[in-house]
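Okay, so the sequence shown: first residue is 140 according to the numbering used here, each after it adds one.
Idealized CB from N, CA, C, for every residue including glycine.
Please read all numbers here as calculations on a predicted model, not as lab measurements.
What follows is a set of notes on a single structure, which appears directly below.
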Amino acid sequence: MNTPFAEQSPQQTIRPGFFEEAFRDATLPQPLRIFAEAFCTRFIVHGSADPMYCANVAAVGTGLGDGCGNFNAVKTPTEQDIANVADRLLFAYSTCIANASTGTTPETIAAMLRKALNGSSLEELLLAPASAQQSH
């Protein structure tokens, strides 16, 4: 079960304009931006380069970009692609994730990415209960 430690909404911890600044020079697909914003918000990741890093990891892992800020929508990501992205982000941000929640698994992150790629909004990704995040 994925249980947040804090009672307040994680959205309250990100300063206004944070994501606009992080993505200021980027032209990326909306689903990747939504995923990166949801990931950074949910797991309280505040580094100025982290949102773009998350988007690039998701892009290169799913074949939707080269991992260097160049994005394309030529490939349809596989479940294995999504699982690999989740594993990589869980490893890279394990401390932030552990501090923000308990019981987060790669499937929690994979579900967020899958839902973003399928058109879910940022609000839907942030408001979904942990059990819904982990379902297919």
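What does a CB cutoff of less than 7 Å around residue 167 pick up in its chain, not counting 5 residues either side in sequence?
Excluding positions up to five away in sequence, the list reads 194 and 210.
When the Cα of residue 215 is compared with those of 208, 253, 236 and 260, which residue comes out closest?
Of 208, 253, 236 and 260, the residue nearest in Cα terms is 253.
Can you tell which of 259, 262, 185 and 230 has the C-alpha that lies nearest to the C-alpha of residue 155?
Restricting attention to 259, 262, 185 and 230, the CA atom closest to the CA of residue 155 is found in 185.
For residue 261, I'd like the list of residues in its chain whose CB is within less than 7 Å of its CB, leaving aside the five on either flank, ordered along the chain.
Here the set comprises 173, 176 and 177.
Please classify residue 233: is it buried, with 16 or more other beta-carbons within 10 angstroms of its beta-carbon, or exposed?
It counts as exposed.
With 16 other CB atoms within 10 Å as the buried threshold, where does residue 213 fall?
Classification for residue 213: exposed.
Compute the distance between the beta-carbons of residue 217 and residue 256, then report whether it is under 9 Å.
Taking C-beta atoms as the reference points, residue 217 and residue 256 fail to come closer than 9 Å.
As assigned by DSSP and simplified to three states, the class of residue 156:
Of the three classes helix, strand and coil, the one that applies to residue 156 here is coil, per DSSP.
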